[in-house]
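Numbering (our numbering), first residue to last: 87 to 510. Every residue gets a Cβ at the ideal spot worked out from N, C-alpha and C, and that includes glycine. Just so you know, these numbers come straight off a predicted model, no measurement behind them.
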Ligand code: RM4
Ligand code: MN
Ligand code: MN
C-alpha cells in the first residue's frame, strides 16, 4: 500500500494553523533552528522487520489482524511509517525469518518506498526445521566444533543475503551462555566464541561492519557469552577495525549508567550500533521513551556530544535501529511512538547549551549543570520535530493520520484477519 502524498498534505492543512502557532513560539527561542531542522530531516532510524507483527511472551501471543504475512508486506509497512514520519527510511532484516526469494525484486520494492537495508541479523538462538546440530547449549561458544561451524556458516549466509540487498553491516546477538554454575569453562567459552567470530569477520566485505551485541541475561540465567559492554568491547578490539559494540537499551542490569557506556565506547571509536527500546525491568522491549524519557535524553546528550567531539556524521556514522516488539499495541502505532520519542530526544540533545554545560563542569557548579540539562529536557520541542516532517512532505501528526485514515482497517481488508508475521 503506497500512501498518497496528497492525502497527507490535505490532512496537514487542517492542523497547520495550530502547528504554526506552536512552532513559531518554540523556534523563537532557538538560535540555530534551521540547522537543527536540517539534521532532523537527515536522521533515520531503521525499523526491525520482527516488530511489525504483534510480539508475544512465553505465555502467549495475541496476534492482531492485518499483520504483514510476507517480507514484501513488511517492507510496505515500513514504507507507510516512512511516508508518515520521514524518519524510518531503513529496514533491518532477521535471517531466516526474512529470507528474500528474489533479492532484486525486494530491493526494487524497498526503493519504491524510499527505504534502504540496514544491518542484517543472524539467528542462532533458535533451531530451524531440518537443522542438523542443536543450539540448546550455545552456538558460537559451543563445546562441539560442528555446532560452531553450523552457526558460523549461518552468519556467512546472512552476510551474503545482506550483500544482495545492499546492507553494510551484520549484527550478531547470541543467546549463548550458561544457566548453572559449573556448566561452562568461562575462558574456553570466550575463546570458542572469539574463534567463531574471527571466522565470520573474515567473511565480511571490505566496506562492512560487524556489531557485537551484548545482553546481561536471558535466555541464559547464570552467564552470557557476551554479557556486557566490556565483553563486547574485548571481542570487538580483538577482531579488528570493522568490529564494533552494539548497545541495546534493554540489555543492561537495572540502573546501569548507559549514558556513560555510550560516551566511553564513542571515545574508543567502538560504538557501532544502537537498538532503541524501553524497559521497566529488563529486556522488556517496550516503546522507546515510554518509561524513562529522561534517561533517553541523557543517552542522546552523550551521543551527540561524543559524535561531535569526533566530527562524526549523526545520520550515517552509527547504525540507529529500534528493537522492540510486544503484546498489546498496534505495532505500527507503537513504532510511530518510538520514532517520535527518538526524534524528541535527539532534538533535545542538539539543543543542549554545551558552552554553559562545559563551564559548569569546569567550575564544579553541579547546580548549573543540572539546570542546563533539565531546562533543555523541559522544553517542548514536538513542534520542531513536526516542522521537520512537514517540510519533508510527511504528516504533522502521524498517529492521528494513521487512525483517522483507518489504515489498519485497510490493511486488514488487503491481508485478512489471520495473517501472522514471522518474528518473535
Ligand atoms: C534479542 C536481541 C537481538 C534481536 C533479538 C530478536 O534480545 O535484542 O538484537 O535480534 O532479540
Ligand atoms: Mn537487540
Ligand atoms: Mn533484546
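Non-local beta-carbon contacts of residue 428 in its own chain, meaning distances under 7 Å to residues more than five positions away in sequence, involve 131, 362, 374 in chain order. Fully contained in the region 305 to 377 are the following beta strand (DSSP E) runs of length 3 or more, in chain order: 329 to 334, 357 to 362.
Boundaries of the beta strand (DSSP E) harbouring residue 256: 255 to 258, taken from the DSSP string. In the DSSP assignment, residue 177 is bridged to 133, 203.
Between the region 265 to 274 and the region 304 to 311 there are three or more C-beta pairs closer than 8 Å, enough to call the two in contact. A contact between stretches requires three or more CB pairs, one per stretch, nearer than 8 Å, and the region 173 to 184 meets this requirement with the region 131 to 145.
The region 458 to 473 makes no contact with the region 411 to 421, as fewer than three CB pairs between them are under 8 Å. Using a Cβ distance threshold of 9 Å, residue 459 and residue 448 do not count as a contacting pair.
Here the alpha carbon of residue 162 sits roughly 33 Å from the alpha carbon of residue 387. In the displayed model, residue 276 falls within a helix according to three-state DSSP. In this structure, the CA atom of residue 275 is about 5 Å from the CA atom of residue 227.
Take residue 204, set aside five residues on each side of it, and the residues of its chain with a beta-carbon closer than 7 Å to its own are 132, 176, 177, 178, 253, 405, 407, in chain order.
Judged by DSSP secondary structure, residue 408 falls within the beta strand (DSSP E) whose first and last residues are 405 to 408. The C-alpha of residue 380 lies about 16 Å from the C-alpha of residue 349. If you compare the alpha carbons of 398, 455, 378 with that of residue 356, the shortest gap goes to 398.
Taking every residue with its beta carbon within less than 7 Å of a heavy atom belonging to ligand 3 gives, in chain order, 301, 334, 336, 337, 361, 369, 371, 409.
Here residue 210 carries a coil assignment [DSSP, helix/strand/coil]. In the three-state DSSP reduction, residue 264 falls in the strand class (E or B). Between the region 283 to 290 and the region 226 to 242, the count of Cβ pairs shorter than 8 Å is three or higher; the stretches touch.
Taking a contact as a CB-CB distance under 8 Å, the pair residue 351 and residue 393 does not count as one, their CB atoms being some 11 Å apart.
Annotation: residue 440 to residue 487 spans about 36 Å, alpha carbon to alpha carbon. For residue 164, the uninterrupted alpha helix (DSSP H) segment begins and ends at 157 to 171. The count of Cβ pairs closer than 8 Å, one atom from the region 326 to 336 and one from the region 292 to 301, reaches three, so the stretches are in contact. Taking 9 Å as the cut-off, the beta carbon of residue 294 is found closer than this to the beta carbon of residue 256. Between residue 170 and residue 484, the C-beta gap is smaller than 9 Å, which places the two residues in contact.
Linking residue 247 to residue 304 through their CA atoms gives a straight-line distance of about 28 Å. By the criterion of at least three beta-carbon pairs nearer than 8 Å, the region 150 to 169 is in contact with the region 182 to 200. Taking C-beta atoms as the reference points, residue 250 and residue 292 fail to come closer than 9 Å.
DSSP links residue 298 through a beta bridge to 258, 331. The C-beta of residue 340 has fewer than 16 other C-beta atoms within 10 Å across all chains shown, which makes the residue exposed.
Under the three-state reduction of DSSP, residue 508 is assigned to coil, being neither helix nor strand. Within a 10 Å sphere around the beta-carbon of residue 124 sit fewer than 16 other beta-carbons, which makes this residue exposed. Taken from the Cβ of residue 183, every heavy atom of ligand 2 lies 8 Å or farther away. Look at residue 112 here: in three-state DSSP terms it is helix. Annotated three-state conformation of residue 494 is helix, per DSSP.
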